[in-house]
Amino acid sequence: MRDISKYQGIIPAFYACYGPDGAISASRTKALAEYLLGVGVKGLYVCGSSGECIYQSVDDRRHTLEAVMEAVGGKLTVIAHVACNNTADSMALAAHAQSLGVDAIASIPPIYFHLPERSIAQYWNDISAAAPDTDFIIYNIPQLAGTALTMPLFRQMLKNPRVAGVKNSSMPIQDIQMFKAEGGGDFAVFNGPDEQLVGGLAIGADGAIGGTYGVMPELYMKIYDLCRSGRYEQARPIQYDCNDIIAALCAGKGHMYALIKEVIRRRTGMDLGGVRKPLANIEPEDEPHIQRALDLIETALKKYC
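In this note's numbering, the protein residues as written are 17 to 321.
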């Protein structure tokens with residue numbers, strides 16, 4: 017039986033940290049990793065959507081993961097998202113991640129071309145083969161990747177003994193139930209949509225990975241702890257407040273991650289830089305939404321934590 021305890025908890029999707037020149041900043045990356053370690057999260061999901069991986073080079077992603085592992089390797093569960101839109105670069109990042117000692121690698125399916133499921137399986141298995149001593153997590157996010165993890169494809173992937181979990185960011189909560197039932201008790205399923213953490217945990221998710229966890233980790237950890245002890249009625253109002261905060265973060269002209277980084281700067285003093293083009297940075301018109309998110313977070317922290 018595989019021990020999945022290292023995947024049971026709140027795992028923020030790590031944000032890309034840039035210096036004034038727009039390049040990856042090792043010092044800012046380490047500062048964010050150490051901050052999240054200090055607040056008590058279970059782990060970090062590095063170089064995924066929240067890490068702006070689609071707009072980064074292979075070297076950018078190597079530098080980010082190296083800084084994270086230098087700061088918190090061995091202290092937190094680290095899952096490295098390694099997918100690129102070609103197999104060779106993905107395999108190179110997988111091998112690099114294993115060399116650093118990550119707990120798992122993860123991958124979305126290849127995007128743009130609509131590939132047959134046998135090609136998607138081969139892509140994932142090739143990536144996994146490049147890190148033969150490391151768990152592999154399938155990242156199911158059909159609304160962005162354009163490809164869904166179907167049950168036939170899932171069953172094909174379960175033939176690979178390194179496949180240890182699914183980060184499920186599809187909207188139907190039932191998908192978590194189906195993947196958990198098919199994968200078995202030693203297979204980890206992560207809730208992806210931040211807005212439905214309570215529902216995902218109620219239906220059987222082991223842990224959770226989310227893009228807004230890093231801006232208000234205390235609230236999501238409180239939800240997780242309440243749900244794990246069966247106190248869903250107490251967790252629900254926190255979820256509602258988190259959803260209001262998410263709405264404020266998504267209401268600006270700037271991209272959500274640009275607003276998140278500004279909220280983090282004002283909450284903690286950490287400057288993580290902006291976001292990488294073509295993502296939009298914050299505009300003056302975003303100020304009311306930033307302030308609303310800050311006010312809602314502080315109110316919720318006083319109420320629940």
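Heads up, the beta-carbon is just placed ideally off N, CA and C, and yes, glycines get one too.
Practice task
Indicate whether Lys53 and Leu81 have their beta-carbon atoms separated by less than 8 Å.
Solution key: The amino acid occupying residue 53 in the given sequence is Leu; Lys does not appear at that position. No, the Cβ-Cβ distance between Leu53 and Leu81 is not below 8 Å.
Exercise for the section: Alpha carbon to alpha carbon, how far is Met286 from Asn141? Give it in angstroms, no decimals. Expected result: Straight-line Cα distance between these residues: approximately 38 Å.
Exercise for the section: Look up Ala180 in the DSSP assignment and say whether it is helix, strand or coil. Expected result: Three-state result, Ala180: strand.
Practice task
Pull up the CB-CB distance for Ala221 and Phe203, whole angstroms please, since I reckon it's below 8 Å.
Solution key: That belief does not hold up - the Cβ atoms of Ala221 and Phe203 are roughly 12 Å apart, past 8 Å.
Exercise for the section: Work out the CA separation of Ala137 and Leu172 for me, nearest whole Å. Expected result: Strictly speaking, residue 172 in this sequence is Gln, with Leu absent from that position. The alpha-carbon atoms of Gln172 and Ala137 are separated by roughly 7 Å.
Problem - C-beta contact flag for Ile239 and Gln212 at 8 Å - result: Cβ atoms of Ile239 and Gln212: not closer than 8 Å.
Exercise for the section: Pick out whichever of Phe206, Tyr71 and Met167 has its Cα sitting closest to the Cα of Leu60. Expected result: Of Phe206, Tyr71 and Met167, the smallest CA-CA separation from Leu60 is found for Phe206.
Practice task
Mind checking who Tyr34 pairs with in its DSSP beta bridge?
Solution key: DSSP, once it has assigned bridges, lists Ile40 as partnering Tyr34.
Practice task
May I ask you to check if the CB of Leu174 is nearer than 7 Å to at least one heavy atom of the ligand MG?
Solution key: With respect to the ligand MG, the structure shown offers nothing to examine, as it has no ligands at all.
Practice task
Entirely within the stretch 207 to 255 and at least 4 residues each: give me those alpha helix (DSSP H) ranges in chain order.
Solution key: Counting only runs of 4 or more, we get 213 to 219 and 233 to 244.
Problem - Neighbourhood of Ala320 by C-beta distance below 7 Å, restricted to the same chain and skipping five residues each side - result: For the sequence presented, residue 320 should be read as Tyr rather than Ala. Result list for Tyr320: Leu235, Lys238 and Ile254, in chain order.
Exercise for the section: Report the three-state DSSP secondary structure of His97 (helix, strand or coil). Expected result: His97: strand per DSSP, three-state reduction.
Handout entry: Contact between the stretch 299 to 309 and the stretch 58 to 72 (3+ Cβ pairs under 8 Å)
Key = Because the criterion of three Cβ pairs below 8 Å is not met, the stretch 299 to 309 and the stretch 58 to 72 do not touch.
Problem - According to DSSP, residues forming a beta bridge with Ala122 - result: Answer is His97 and Ile153, bridged to Ala122.
Handout entry: Residues near Ala108 by beta carbon distance below 8 Å, same chain, minus five either side
Key = Once the five neighbours on either side are set aside, the close Cβ partners of Ala108 are Val74 and Ala146.
Problem - Nearest to Met272 (by Cα), restricted to the options Phe195, Ala96 and Asn297 - result: Minimum Cα distance to Met272 is reached at Asn297.
Handout entry: Contact set for Ala99: own chain, Cβ-Cβ below 6 Å, skip 5 residues either direction
Key = Counting only Cβ-Cβ distances below 6 Å, and skipping sequence neighbours, we find Ser106, Ser123 and Ile124.
Handout entry: Reduced DSSP secondary structure (H/G/I, E/B, other) of Ala29
Key = It is a strand residue.
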